[in-house]
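In our numbering, the protein residues as written are 346 to 506.
Next comes the structure, spelled out in structure tokens:
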């Protein structure tokens, strides 16, 4: 089974942190995935290092104890592992996959993982044009524009009862 490409606003967590954060693409603004308009879902790549996160924290860092708890996490990605090597983006990086991990210098090992790749299903005009009217009428009869198909569905439902 293939792994999904990670896009902007994918959810991440650090095994040493106390809360998740969302990743943003800071290295490129041209290549998108699962986004018909090409406005929201930029591909995250191996060039997204440093602090490519919305909140720029995973809460408290369990590797940095203090007398009163833990120091705040300030993630600093130094590298990505298990990325998609067969494609190179315009920024010279490779796409991150849902099973990719990032290394933070505090842990010294890959400790940041993707918990949701960020892609979501989005119906387009092409999907609507290619949809089978009979199937769509059975799935959602109220949305059907063809009244003859709607009447057939009502008849089929009544004959079952």
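Ideal placement from N, C-alpha and C gives every residue a C-beta, glycine not left out.
Does the beta-carbon distance from residue 357 to residue 456 come in below 8 Å?
Reading the chain shown from its first residue, position 12 is the one you call residue 357. Reading the chain shown from its first residue, position 111 is the one you call residue 456. For the 8 Å CB-CB criterion, residue 357 and residue 456 do not form a contact.
Pull up the distance between the alpha-carbon of residue 437 and that of residue 429, whole angstroms please.
Here residue 437 is taken as the residue at index 92 of the chain shown, counted from 1. Here residue 429 is taken as the residue at index 84 of the chain shown, counted from 1. The C-alpha of residue 437 lies about 13 Å from the C-alpha of residue 429.
Alpha carbon to alpha carbon, how far is residue 395 from residue 440?
Looking up residue 395 in the chain shown gives position 50. Looking up residue 440 in the chain shown gives position 95. Here the alpha carbon of residue 395 sits roughly 16 Å from the alpha carbon of residue 440.
Quick check on the burial criterion: 16 or more other C-beta atoms within 10 angstroms. Buried or exposed for residue 353?
In the chain shown, the residue the question calls residue 353 occupies position 8. Buried.
C-alpha gap between residue 383 and residue 421, whole angstroms
As a position in the chain shown, residue 383 is number 38, starting the count at 1. As a position in the chain shown, residue 421 is number 76, starting the count at 1. Between the alpha carbons of residue 383 and residue 421 lies a distance of about 28 Å.
Sequence-distant residues of its chain with Cβ nearer than 6 Å to residue 392 (five each side left out)
Taking the chain shown and counting its residues from 1, the one referred to as residue 392 is at position 47. Closer than 6 Å at Cβ, skipping near neighbours: 372, 436 and 438.
Residue interval of the beta strand (DSSP E) (run including residue 357)
Along the chain shown, read from residue 1 onward, the residue named residue 357 stands at position 12. Note, residue 357: beta strand (DSSP E), 356-359.
Endpoints, beta strand (DSSP E) assigned at residue 376:
The count along the chain shown starts at 1 and reaches residue 376 at position 31. Unbroken run through residue 376: none, as it is neither H nor E.
Any idea what DSSP makes of residue 396, helix, strand or coil?
For this step, residue 396 is matched to residue 51 along the chain shown. In this structure, residue 396 counts as coil in the three-state DSSP scheme.
Hey, how far is the Cα of residue 444 from the Cα of residue 355?
As a first step, residue 444 is located in the chain shown; it is residue number 99 there, counting from the start. As a first step, residue 355 is located in the chain shown; it is residue number 10 there, counting from the start. Straight-line Cα distance between these residues: approximately 12 Å.
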